[in-house]
Structure formats: structure tokens, C-alpha cells
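Written below as C-alpha cells is the structure these notes are about.
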């Protein structure tokens with residue numbers, strides 16, 4: 005690999021978490037002469053060690069992302085640290101805020117300015133629920149024509165599979181498929197170069213394991229790609245593995261550790277559906293991910309904990325191995341944030357550590 009490339013390497017965790025995928029490399033080492041004696045690999049011992057010879061290939065820079073929005077402001081005192089984290093993509097407005105309110109021009113301007121300040125690629129999500137295709141087209145016009153921001157990545161609505169549980173009881177995937185296409189056509193009529201990311205389904209797993217709720221999410225995504233697989237450019241899902249009960253009980257550290265393994269099956273299952281429904285291999289993105297969809301703190305494995313940071317590092321490494329193009333953790337700040345109201349959280353240091361992987365130009369779409 006050239007010195008401009010980047011790679012990921014397995015950080016074997018013995019006695020901590022199995023096969024934690026975390027470390028990396030920078031520039032290539034000089035080629036040794038024929039008389040050089042190879043350095044023997046270290047004997048694994050309890051703790052952590054780096055296998056510095058396990059080059060696994062390039063990483064998409066877009067995988068180090070997050071979500072932000074008008075309700076997810078970064079505290080002023082932490083702005084410098086956030087800028088240093090190397091966040092490379094930001095989805096705006098994060099969560100369902102964008103399906104509840106219309107974006108104002110100054111909010112867009114401030115978001116773009118912030119992306120430029122920290123060096124992040126913006127992704128803007130047009131309002132679907134409560135919005136119109138014309139409003140979505142007007143937003144693209146303002147952003148890319150009037151202001152010339154040239155935002156490349158766009159979404160349409162957030163977790164539309166939950167609309168029926170949030171004020172639109174008769175909302176179906178058939179209606180979503182029709183509306184998504186209408187919005188997409190209107191937006192592309194303004195700027196044909198935009199890259200559409202969707203459908204941002206609220207949950208996706210490889211095996212619903214008898215859960216009708218999870219099976220409905222799989223069926224929703226399958227139907228969407230059957231209807232709109234010719235127009236979507238990047239296939240996106242969300243995933244929050246916890247809580248697993250209606251009481252919102254946070255996971256234990258053992259449950260959190262074990263849940264990371266599901267990503268070895270989630271991404272292949274997603275690609276299988278894409279191929280079956282579109283006869284194409286499309287790039288995939290995870291545009292919201294965290295351990296819990298319920299705000300929690302104070303427990304051994306809640307979102308502000310060290311164990312959540314280890315879980316995220318493991319999950320991110322598994323997605324890198326599966327060649328995911330874009331990952332936007334949820335969220336940059338707030339209850340789910342890599343920063344809290346007054347301090348950095350352990351998850352922040354996952355971004356800092358992954359910066360040791362070197363630099364490479366963006367690939368894919």
C-alpha cells in the first residue's frame with residue numbers, strides 16, 4: 005500500500021473483549037533488504053496488542069460521521085475538541101426533528117459553516133412527513149443553486165417506517181415508496197448530481213428471530229428497493245440493539261459486548277436484499293447507530309460509559325471490514341452524544357484513535 009493509503013488492523017483483545025477491531029496504520033514502511041531478519045510476531049498475552057502486519061485494505065473516510073441538528077448543539081467549551089475528533093460526515097437535521105419542522109435558511113447556513121469549520125461532508129435530509137416535494141426541491145435549490153454549497157449527499161424523511169406509530173396510523177410502505185420517488189424526482193430536477201441516501205429505516209437486522217416488529221422493518225426495506233432501487237444511490241439503515249424490553253432497561257456490559265457480533269451478519273444480509281431487489285450492488289450506509297434508542301446514563305454500559313465506547317469501536321471496525329461506505333453515529337452532542345453537556349464522553353476517543361489509520365482520498369460515491 006502506498007503512503008497515501010489507509011488500512012485497518014485488528015487489535016486483539018484478550019481478557020477484555022474478543023477480537024476488538026480497533027487499530028491502524030499510517031505510511032508504508034521501507035522495503036527491507038534481502039538480508040534483513042524478520043521480526044517475530046509477539047506472543048499473545050493478557051491485555052491488548054497490535055498486529056501491525058495485518059493490512060486489511062482501504063477505509064472510506066465517510067465512515068467517521070455523526071448526526072447533528074438545531075436541537076443537538078455542541079457546548080461552546082468543547083468546540084475545539086470536537087473539531088479535533090476528525091468527524092468526516094454530518095447528517096442534518098439529526099433524528100425526527102426534520103420531519104417536524106421546516107429548515108430555515110439560516111439553520112442551513114450555520115450547518116454548512118460548521119461542516120466547513122471541522123472538515124465534515126454534509127448530508128441534508130429533506131422533510132417528508134408534513135412536507136411537500138416542492139419544498140424539498142426548493143431546499144435543494146437554496147442549498148446548491150442560490151448559495152452554491154454543492155451538497156452532494158441527501159436524504160428524504162427520517163424513519164418513515166415509524167410514521168404509522170407517530171400520528172399517521174394509515175401510513176404504509178406503498179405510500180412511502182410513491183412519495184419518496186416523487187420527492188426524489190423533484191429534487192433531482194433541480195440538481196441531477198445529488199446522491200440520494202435512503203431509506204433510513206429505523207432498525208435492520210439479519211434475522212428477525214420471530215419478532216414481527218423487526219420483520220416489518222426488513223419487509224419495509226425490501227419493498228422500498230423493489231420500488232425505488234433504480235433511483236436510490238446509497239442504501240441506508242439505522243440500528244439500535246437496546247433496550248430489548250418495553251421497560252427500557254439498559255444493557256449489561258456482557259450483553260453490549262456480545263451484540264457487536266451481529267454486524268458480521270447485518271451488512272451481508274442487507275447486500276443480499278439489495279441484489280435480489282435491484283439486480284445491482286449498491287454502496288451501503290448506517291446513518292444512525294448507537295447502543296440504545298432510549299436515552300440512558302449512569303449505568304455500567306449506558307451511552308456515556310467506557311463499555312459503550314469499546315462497543316462502538318468494535319462495531320465500527322466490523323463495518324469497516326464489511327466495506328460500509330458511510331457511518332453516522334447518533335449523535336454529535338446531547339444525551340446520545342460523543343460529547344455531553346459539559347464534558348467529552350469515552351466514545352469521543354474512538355474517533356481520535358481511528359485517526360491513526362492514515363489518510364486517503366474519498367472513494368465511492
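Numbering (the working numbering), first residue to last: 5 to 369. Every residue, glycine too, gets a C-beta built ideally from N, C-alpha and C. Please read these numbers as outputs of a predicted model, since none were measured by experiment.
Beta-carbon spacing of residue i, residue j below 8 Å
i: residue 179; j: residue 208; result: no
i: residue 1; j: residue 239; result: There is simply no residue 1 to check, as the chain begins at 5 and stops at 369 in what is shown.
i: residue 127; j: residue 102; result: no
i: residue 228; j: residue 177; result: yes
i: residue 194; j: residue 264; result: no
i: residue 289; j: residue 351; result: no
i: residue 139; j: residue 100; result: no
i: residue 321; j: residue 281; result: no
i: residue 164; j: residue 196; result: no
i: residue 254; j: residue 306; result: yes
i: residue 86; j: residue 310; result: no
i: residue 125; j: residue 146; result: no
i: residue 168; j: residue 332; result: no
i: residue 216; j: residue 246; result: no
i: residue 191; j: residue 141; result: yes
i: residue 241; j: residue 274; result: yes
Helix, strand or coil at residue i according to DSSP, with G and I counted as helix
i: residue 36; result: No answer about residue 36 holds up, because its pLDDT of 39 lies below 50 and its placement is not dependable.
i: residue 93; result: strand
i: residue 337; result: strand
i: residue 286; result: coil
i: residue 117; result: helix
i: residue 348; result: strand
i: residue 246; result: strand
Limits of the unbroken alpha helix (DSSP H) element including residue i
i: residue 275; result: 267-282
i: residue 157; result: No alpha helix (DSSP H) contains residue 157, which is instead part of the beta strand (DSSP E) from 157-160.
i: residue 226; result: 216-232
i: residue 312; result: 310-325
i: residue 170; result: From DSSP, residue 170 is part of no alpha helix (DSSP H); its letter is neither H nor E.
i: residue 144; result: 137-144
Extent of the continuous beta strand (DSSP E) run through residue i
i: residue 125; result: 125-130
i: residue 84; result: No beta strand (DSSP E) contains residue 84, which is instead part of the alpha helix (DSSP H) from 83-88.
i: residue 360; result: No beta strand (DSSP E) holds residue 360; DSSP gives it neither H nor E.
i: residue 243; result: 238-243
i: residue 263; result: Note, residue 263: premise wrong, no beta strand (DSSP E); alpha helix (DSSP H) at 257-263.
i: residue 99; result: Careful: residue 99 lies outside any beta strand (DSSP E) and carries neither H nor E.
Candidates the options, of which the one nearest residue i by Cα
i: residue 83; options: 187, 119, 108; result: 119
i: residue 339; options: 194, 325, 297; result: 297
i: residue 355; options: 157, 305, 303, 90; result: 90
i: residue 161; options: 321, 197, 136; result: 136
At what residue ranges does the segment 181-208 contain a whole run of the beta strand (DSSP E), taking only runs of 3 or more?
Those beta strand (DSSP E) runs which fall completely within the segment 181-208 and span 3+ residues are 199-205.
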